[in-house]
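Working notes for the structure below.
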Amino acid sequence: MIPESLRNIEFYKHFASLLYAIANADRTIEVIEKRKIVEIVKDIATDTLGSLNSEDIIYETLRALIKQQCSSERAFTTFSEFYYSNKKEFTTELKATLLSTCDKIVHAFSGRNKSELIVYTKLVLLFKDA
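All the letters of the sequence shown, read from the start, carry residue numbers 27 to 156 under my numbering.
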């Protein structure tokens, strides 16, 4: 699912930024959304990178974004910049996985709200720009 070339700390930090951007689109991350993120991370993040593993990197990044009260827009921009810098590494399969993953977060609490739908649509458009 995640190409070998992207299995690194930077990818997982930016993946966490994407998860945060979606979950925090309405300026609040509900408990059920947090649980869905944990479920997703356990399914996707299986790499060991030196003394860290990908789960640790994602959770550490999410905690930092929450502590900094980063805006959803800024987190999405951070992910977008990483995507454009590594566009060739984002396979069709990886894009589909990321879209599906974000859709699960959007539906976790009470279905899509307008804020989450806007961020999700930005992601769809970002990937179609390829």
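Beta carbons: idealized from backbone N, C-alpha and C, even for Gly.
In three-state terms, what does DSSP make of residue i?
i, result
"T74", "strand"
"I55", "coil"
"D129", "helix"
Using 8 angstroms for Cβ pairs, my map puts residue i next to residue j. What's the rounded Cβ distance?
i, j, result
"L152", "L88", "In fact, because the Cβ distance is near 20 angstroms, the residues do not count as touching under 8 angstroms."
"I131", "I48", "5 angstroms"
"N50", "S98", "5 angstroms"
Using 10 angstroms around the beta-carbon of residue i, count the other beta-carbons present and answer buried if the total reaches 16, otherwise exposed.
i, result
"K150", "Checking the sequence shown, residue 150 turns out to be Val, not Lys. That one is exposed."
"K39", "buried"
"N139", "exposed"
"T104", "buried"
"L78", "exposed"
**Prompt:** Are there three or more Cβ pairs, one per stretch, closer than 8 angstroms when the stretch 55-74 is compared with the stretch 103-112?
**Reply:** no
Every unbroken alpha helix (DSSP H) within the stretch 57-108, with a cutoff of 4 residues, ordered by chain = 57-70 and 80-94
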